[in-house]
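Here is the structure we will look at, set down as structure tokens.
Number of protein chains: 2
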Amino acid sequence: MNDSDTGERNFSIGELAGEFGITSRTLRLYEEEGLLDPQRDGTRRIYNERNRVRLRLILRGKRLGWSLSEIRESFDLYDSSHDESAQLESMLGKLEQRRETLITQRSDIDSALQDLERVETNARRALREVQAGNKRRRA
Amino acid sequence: MNDSDTGERNFSIGELAGEFGITSRTLRLYEEEGLLDPQRDGTRRIYNERNRVRLRLILRGKRLGWSLSEIRESFDLYDSSHDESAQLESMLGKLEQRRETLITQRSDIDSALQDLERVETNARRALREVQAGNKRRRA
DNA sequence: CCTTACGTTAACGTTAACGTCAATCTATTC
DNA sequence: GAATAGATTGACGTTAACGTTAACGTAAGG
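If you read the sequences in order, they're chains A and B.
Going by my numbering, the first residue of the first sequence is number 1313, and it counts up by one from there.
Going by my numbering, the first residue of the second sequence is number 1313, and it counts up by one from there.
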């Protein structure tokens, strides 16, 4: 084991970037925006498994079209303190909001998929017809 | 019926913007980007039902995080000619790609919803505990 | 010791998706 | 007919999310 004593692997910024198909610049930006905070070896960034999980969450958020600040808010939501009831209630409200947008997003996806299938069957039919026409012309 | 002879209603840019919660600027931009092309009454834009349907599709795309050019590409895909088999095959490929990203997006949504539920039940539990503590303290 | 690879910060550049504002036109209303 | 409401084009401003470059440090290898 190259690292301290836990059975955990560590990663340089370049390794992590390569693995996830992003650039180092992007990782530094995410850190600047408070989405990641890797440890340091002197000045060098060291990423551990926990950081990788976070990164995966960030990228999932991006695939859903969230902005970096929306992603940060979701982290804040998840990490927020559980001691004041006012806090907890506002949190539950925000969670409910998120759920709603996720659900309309899912129904948007479903209708987009339906549209897609319509277009696809049309295209397949058209393709068969074109090919049939070609056969006749060659005969 | 205020308009020509078809039973269709027409809309000014302001009406349409108001109805969909966007600004006129946005509608003009979408037109500039080739996503909409309303008729004109002199210089004024006139939107019909067909334009509204398009707009709805645009906004659905936005909710899914698509860029305007991705949205335009999807329109191009839907409207593209059905006469050359090469065209049709490349089209089927692109459709397949779209389907894949939609499906990973949907599974992203599902896992995000699961995370959300975990956090929510935790928050509810914490809220009950806090409230129980308050009761005891008041007693 | 020199090169090469990889890292650092800082700063400026770029693109998309609008917002904002100015100058002007048109139709309606008092 | 003067004012008001909404429309037009054109241009410049703004923000987010990076890309790119400069200037520099550091560890490994030949």
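A virtual CB, placed ideally from N, CA and C, is assigned to each residue, including glycine.
Using a CB distance cut-off of 8 Å, B/L1428 counts as an interface residue toward chain A. With fewer than 16 other CB atoms across the displayed protein chains lying within 10 angstroms of its CB, B/D1353 is exposed. In this structure, A/F1332 sits near A/L1371, with a CB-CB distance shorter than 8 Å. Collapsing the DSSP output to three states places A/D1349 in coil. The three-state reading of DSSP puts B/I1358 in strand, counting E and B together.
At a cut-off of 8 Å between beta-carbon atoms, A/Q1443 makes contact with chain B.
Going by beta carbons, A/L1407 and B/V1431 fall inside the 8 Å limit.
Spanning the alpha carbons of B/L1439 and B/I1358 requires a straight line of approximately 53 Å. Contact note: A/D1420 reaches chain B through R1372, R1375 and L1376, using a C-beta cutoff of 8 Å and chain order. Contact between the segment 1416–1431 of chain A and the segment 1404–1422 of chain B is present: three or more C-beta pairs spanning the two stretches fall below 8 Å.
Taking B/N1322 as reference, the option from B/L1339, B/Q1443, B/E1345 and B/R1362 with the minimal CA-CA separation is B/R1362. Nearest Cα to A/A1435 within the set B/T1355, B/G1405 and B/E1320: B/G1405. Residue environment analysis places B/I1421 among the buried positions, since at least 16 neighbouring C-beta atoms fall within 10 angstroms of its C-beta. Not flagged as an interface residue toward chain A: B/V1365, since no C-beta distance is shorter than 8 Å. Interface flag for A/E1432 against chain B is set, since a Cβ pair is found closer than 8 Å.
Taking the Cβ atoms as the reference, B/G1377 lies roughly 2 Å from A/G1377, within the contact range of under 8 Å.
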